[in-house]
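A.B. asks: Chains as they are written, first to last, in the working numbering: chain A, 13 to 175; chain B, 414 to 515.
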């Protein structure tokens, strides 16, 4: 029961703040709404018993990514968001694309509603997850670290001051 | 326990909000922020559907971990490109980026 209340509360916050993020004129405010949404996502991960993922979300997305986003907003000083184009053709196409994608997703969810098994009583603990990451999934884990390294080097290369 | 389907419905809704923003916003930074939102929504869906599996959500968590890593790499590269573009052109909106247009 408390779970349901928490779920609907948090999802309300997520939907409201993501819509507010889209429509706030000030970029810093937009980033702050994104921060709120990402923190709320961490709460939902915790509701799904994924404690490690919830912490990862808080540290990486809510912490690091948002700070970097604020840095970039400050560095590039973008003009206030302008919505004058909102009724252009591009927006109508975007709306059509979203609706076109919504239909199959809704269809899949409706068909899933009857057959999806309920969540098991015991969730995988962080210990189990760590063993899986270091054991069965060790190769993809190492490749992921290589991807991160490549992205780091690439970002430094791209953003460095030109000589 | 909240039914995992609820989480998947929410994930779909937030993904579509993010997609709408990604397709309509002019600023590259806001496009990247929408990408972050979409990544989080997909992570939520993975965790929810993983939770219905007999392994207690282990596989969903592993996939979500990798997704978060990829998301971090993606936002780092994306913001580097935004800074680079801003330095060259003084602005970073999607409308100006048409060098590859045929």
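Beta carbons are placed, not taken as given, at the ideal position from N, Cα and C, and that holds for glycine.
Please identify, using Cβ separations under 8 Å, the residues of the region 47–64 of chain A that lie next to chain B, in order along the chain.
C.D. replies: Listed by position along the chain: 49, 50, 53, 56, 57, 59, 60, 61, 62, 64.
A.B. asks: Within the continuous alpha helix (DSSP H) that includes residue 71 of chain A, where are the two ends?
C.D. replies: First-last for residue 71 of chain A: undefined, no H or E at that position.
A.B. asks: Taking 9 Å as the CB-CB cut-off, is residue 450 of chain B touching chain A?
C.D. replies: It does: the Cβ of residue 450 of chain B has a partner Cβ on chain A nearer than 9 Å.
A.B. asks: So who's on the other strand from residue 478 of chain B, going by DSSP bridges?
C.D. replies: Partner(s): none; residue 478 of chain B has no beta bridge.
A.B. asks: Taking C-beta pairs closer than 7 Å, name the residues in chain A that residue 512 of chain B reaches, listed in chain order.
C.D. replies: Simply none; closest approach about 16 Å.
A.B. asks: Check whether the region 103–114 of chain A touches the region 429–446 of chain B, taking contact to mean three or more Cβ pairs, one atom from each stretch, closer than 8 Å.
C.D. replies: They touch, by the three-pair rule.
A.B. asks: Quick check: the Cα distance between residue 501 of chain B and residue 65 of chain A, rounded to an integer number of angstroms?
C.D. replies: Computed Cα separation, rounded: 38 Å.
A.B. asks: Hey, is residue 15 of chain A's beta-carbon within less than 9 Å of any beta-carbon in chain B?
C.D. replies: Interface residue, yes.
A.B. asks: Keeping to the same chain, check which residues put their C-beta closer than 6 Å to that of residue 483 of chain B; ignore five residues upstream and five downstream.
C.D. replies: Cβ neighbours of residue 483 of chain B beyond the five flanking positions: none.
A.B. asks: Answer with buried or exposed for residue 441 of chain B, where buried requires no fewer than 16 other C-beta atoms within 10 angstroms of its C-beta.
C.D. replies: When all chains shown are included, residue 441 of chain B counts as buried.
A.B. asks: Interface residues of chain B around residue 33 of chain A at Cβ under 7 Å?
C.D. replies: By Cβ distance, chain B contributes 446.
A.B. asks: Rounded to whole angstroms, what's the CA-CA distance from residue 134 of chain A to residue 469 of chain B? Just pull it up for me.
C.D. replies: Distance between the alpha carbons of residue 134 of chain A and residue 469 of chain B is about 6 Å.
A.B. asks: Going by the beta-carbon positions, is the gap between residue 34 of chain A and residue 78 of chain A smaller than 9 Å?
C.D. replies: No.
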